[in-house]
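See below for the structure under consideration.
In our numbering, the protein residues as written are 4 to 268.
Here is the structure:
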């Protein structure tokens with residue numbers, strides 16, 4: 004992965020070169036709509052307070068748990084015995100991105116949502132709250148982390164989440180086979196190039212023209228940047244949005260020309 008200095012340098016370049024448009028002059032109806040109704044939606048929804056209260060509890064939890072690591076590993080924590088609050092501090096998606104996921108689920112109303120990388124369930128909760136009529140299928144490799152996520156779902160009274168625990172290599176193929184069609188996916192599991200590209204290819208097989216794929220930490224490392232570049236260039240991809248920490252991918256064939264946008268967020 005990149006060092007903090009390298010990442011900061013990349014972020015500054017992104018910040019000063021990304022479009023800060025409110026949608027005016029954007030020659031894509033999808034992106035104009037995304038900017039106006041999703042990215043720039045400043046409303047404070049009721050679920051924000053409830054879910055952030057769970058995040059706060061996690062950030063104060065001194066419990067030590069054993070963690071199996073199937074992905075690229077934590078960049079901060081190297082041991083298998085880890086403190087919940089430390090995991091929460093290093094792995095939970097920040098509030099503004101978590102709430103962006105909520106607004107995407109609310110605006111696009113996907114019926115079937117897949118998340119690879121549950122962690123403690125904060126982003127899962129936002130996705131589930133965004134569309135109560137959707138089913139959110141979320142996958143977590145580490146047993147003890149998944150158990151805490153399940154408790155958070157119970158506390159938040161979210162009944163539209165199905166949690167699958169175990170190594171993605173074993174759990175994902177049968178899950179995708181059973182779902183057959185996915186409307187929105189958030190990939191935050193294995194921060195390495197080949198697994199990310201493998202997930203992308205698997206998701207394409209269960210996608211429809213309106214499916215939106217979201218990849219986390221696309222500038223986290225050289226590997227992730229390489230994976231993001233390949234995804235952008237893939238023949239099936241018609242539009243991408245780079246928000247630096249996440250990348251949004253559309254495969255809608257009605258978009259007449261392949262377009263890539265970098266938006267400040």
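All C-beta atoms, glycine included, are put in the ideal place defined by N, C-alpha and C.
Within the DSSP bridge table, the entry for residue 210 names 185 as partners.
Excluding its 5 nearest sequence neighbours in each direction, residue 247 has C-beta neighbours in its own chain below 7 Å: 14, 17 and 222, listed in chain order. When secondary structure is reduced to three states using DSSP, residue 121 falls in the coil class, being assigned neither helix nor strand.
Of 210, 70, 250 and 211, the smallest CA-CA separation from residue 229 is found for 250. Residue 12 has its alpha-carbon roughly 16 Å from the corresponding atom of residue 268. By the Cβ test, the segment 30-37 is not in contact with the segment 143-154, since fewer than three Cβ pairs between them sit closer than 8 Å. Separation of residue 4 and residue 67 (C-alpha to C-alpha, rounded to the nearest whole angstrom) is 26 Å. Across the structure, residue 54 and residue 161 are spaced so that their CA atoms are roughly 11 Å apart.
Every alpha helix (DSSP H) of 4 residues or more that sits fully in the segment 32-98 is shown, in chain order, as 32-37, 49-61 and 87-94. Ranking 255, 105 and 154 by CA distance to the CA of residue 133 puts 105 first.
Taking each of 32, 226 and 252 in turn and checking the Cα distance to residue 198, the smallest one comes out for 226.
Residue 100 holds the alpha-carbon nearest to the alpha-carbon of residue 217 among 100, 44, 136 and 23.
When the beta-carbon positions are compared, residue 40 and residue 130 stay at least 8 Å from each other.
In this structure, residue 121 keeps its C-beta atom at 8 Å or more from the C-beta atom of residue 61. A contact between stretches requires three or more CB pairs, one per stretch, nearer than 8 Å, and the segment 200-219 meets this requirement with the segment 103-119. Straight through space, the alpha carbons of residue 244 and residue 30 are spaced by roughly 13 Å. For residue 256, the CB contacts under 7 Å within the same chain, skipping 5 residues up- and downstream, are 212 and 241 in chain order. Within the DSSP secondary-structure output, residue 4 pairs in no beta bridge. Bridge pairing for residue 115: 138 [DSSP]. In the displayed model, residue 205 falls within a helix according to three-state DSSP. Judged by DSSP in its simplified three-state form, residue 224 adopts coil rather than helix or strand. Residue pairing by DSSP places residue 168 opposite 143 in a beta bridge. In the DSSP assignment, residue 251 falls within the unbroken beta strand (DSSP E) covering 249-253. Closest option to residue 174, judged by alpha-carbon separation, among 184, 185, 140 and 231: 140.
DSSP places residue 157 within a helical segment (H, G or I) once states are collapsed to three. The distance from the Cβ of residue 186 to that of residue 114 is about 5 Å, consistent with a contact at the 8 Å cut-off.
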